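The sequence shown lines up with residues 7 to 209 when you count with the working numbering. Glycine included, every Cβ here is placed at the ideal spot set by N, Cα and C. A quick note: this is a predicted structure, and the numbers were derived from the prediction, not measured. Below: the structure, in structure tokens.
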Amino acid sequence: MKSVIFATALATAAAFAPAPVAQTSTTALNAFETELGAQPPLGFFDPLGLLDEAGQARFDRLRYVEIKHGRICQLAFLGQIVTRAGLHIPGDIDMSGDSFDSYPNGLAALFGPDSIPTDGVLQITFFVGFLELFVMKDVTGENDFVGDFRNGALDFGWDKFDEETKLSKRAIELNNGRAAMMGILGLMMHEQLGGELPLVGPM
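Structure below.
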């Protein structure tokens, strides 16, 4: 009887013993924790496990998408600030004489009762698609890093920077892009909620 009780106690204790830690997450962490963007205070942050068992190609693809989305969101956030401050492209947006500032700001320009006509939305869509397919990518194969779209033409003095400065500027762009992704999402939410925001104005 004592042996049965002892065996039961051992089994119960084993149920509360720490489970073995999977090595895949540790391997991914070790592989990418020194990559650009793994910065304080979060360090390497992958709560969804997108990089579990991922190789360098998978990481580069995700970084490429992150940089591109960050750049788009920086432009979108700046566009929200500028247009809500009352600054619009001068002139008319179509042959009917509708001016650029006659359309609302933000999502209302696409989905509201006074939104841009369907033909205008299609033009915007085709233009963005053209940029995506033929311009905003490494066309010539000369890129120095993921997200380098200079294609041997635009430089702005980049090659004159030392390696430390280049890494610093890339990290700044990455962080600004991450902040802009959160910022534009916040603006879109506040636009639906209404009210007024500092610097941005009425939503």
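According to DSSP, residues forming a beta bridge with residue i
| i | result |
| --- | --- |
| residue 202 | 208 |
| residue 62 | Partner(s): none; residue 62 has no beta bridge. |
| residue 49 | 45 |
CA-to-CA distance, residue j to residue i, given in whole angstroms
| i | j | result |
| --- | --- | --- |
| residue 206 | residue 177 | 27 Å |
| residue 89 | residue 209 | 12 Å |
| residue 132 | residue 48 | 38 Å |
| residue 112 | residue 65 | 33 Å |
| residue 57 | residue 128 | 36 Å |
| residue 7 | residue 46 | For residue 7, the pLDDT reaches just 44, beneath the cut-off of 50, and the residue's location in the model is therefore unreliable, although a value from the coordinates is still provided. Residue 7 and residue 46: Cα-Cα distance of roughly 57 Å. |
| residue 170 | residue 200 | 44 Å |
| residue 73 | residue 67 | 10 Å |
| residue 167 | residue 146 | 22 Å |
| residue 26 | residue 63 | With a pLDDT of 42 at residue 26, under the threshold of 50, the predicted position of this residue should be treated as unreliable, though the coordinate-derived value follows. Those two C-alpha atoms are separated by around 29 Å. |
| residue 91 | residue 192 | 18 Å |
| residue 185 | residue 104 | 34 Å |
| residue 77 | residue 181 | 11 Å |
| residue 54 | residue 69 | 15 Å |
| residue 130 | residue 165 | 34 Å |
| residue 179 | residue 135 | 23 Å |
| residue 153 | residue 85 | 22 Å |
Same chain, Cβ closer than 8 Å to residue i, neighbours up to 5 away in sequence not counted
| i | result |
| --- | --- |
| residue 75 | 183 and 187 |
| residue 173 | 42 |
| residue 21 | Note on residue 21: pLDDT 40, under 50, position unreliable in the model; the coordinate value appears next. So the list is empty, once near-sequence residues are dropped. |
| residue 194 | 112 and 113 |
Chain-order list of residues whose beta-carbon lies under 6 Å from that of residue i (same chain, five-residue window excluded)
| i | result |
| --- | --- |
| residue 190 | 79, 82 and 83 |
| residue 94 | 106 and 107 |
Close beta carbons around residue i, own chain, < 7 Å, minus the five adjacent residues each side
| i | result |
| --- | --- |
| residue 50 | 35, 38, 39 and 44 |
| residue 196 | 203 and 209 |
| residue 110 | 118 and 120 |
Rounded distance between the beta-carbons of residue j and residue i, thought under 8 Å
| i | j | result |
| --- | --- | --- |
| residue 148 | residue 163 | 17 Å between Cβ atoms; not a contact. |
| residue 115 | residue 121 | 6 Å |
| residue 99 | residue 126 | 7 Å |
| residue 226 | residue 142 | Beyond the ends of the chain as shown, which are 7 and 209, falls residue 226; an answer cannot be given. |
C-beta neighbour in chain C for residue i, strict 8 Å
| i | result |
| --- | --- |
| residue 87 | Among the protein chains of the structure shown there is no chain C, as only one such chain exists. |
Residue i beta carbon near the ligand GTP (any heavy atom closer than 7 Å)
| i | result |
| --- | --- |
| residue 40 | The ligand GTP is absent from the structure shown, which contains no ligands of any kind. |
Let me know the alpha helix (DSSP H) ranges lying completely inside the segment 77-140, each 4 residues or longer, listed in chain order.
With a minimum length of 4 residues, the unbroken runs of alpha helix (DSSP H) contained wholly in the segment 77-140 fall at 114-117 and 124-136.
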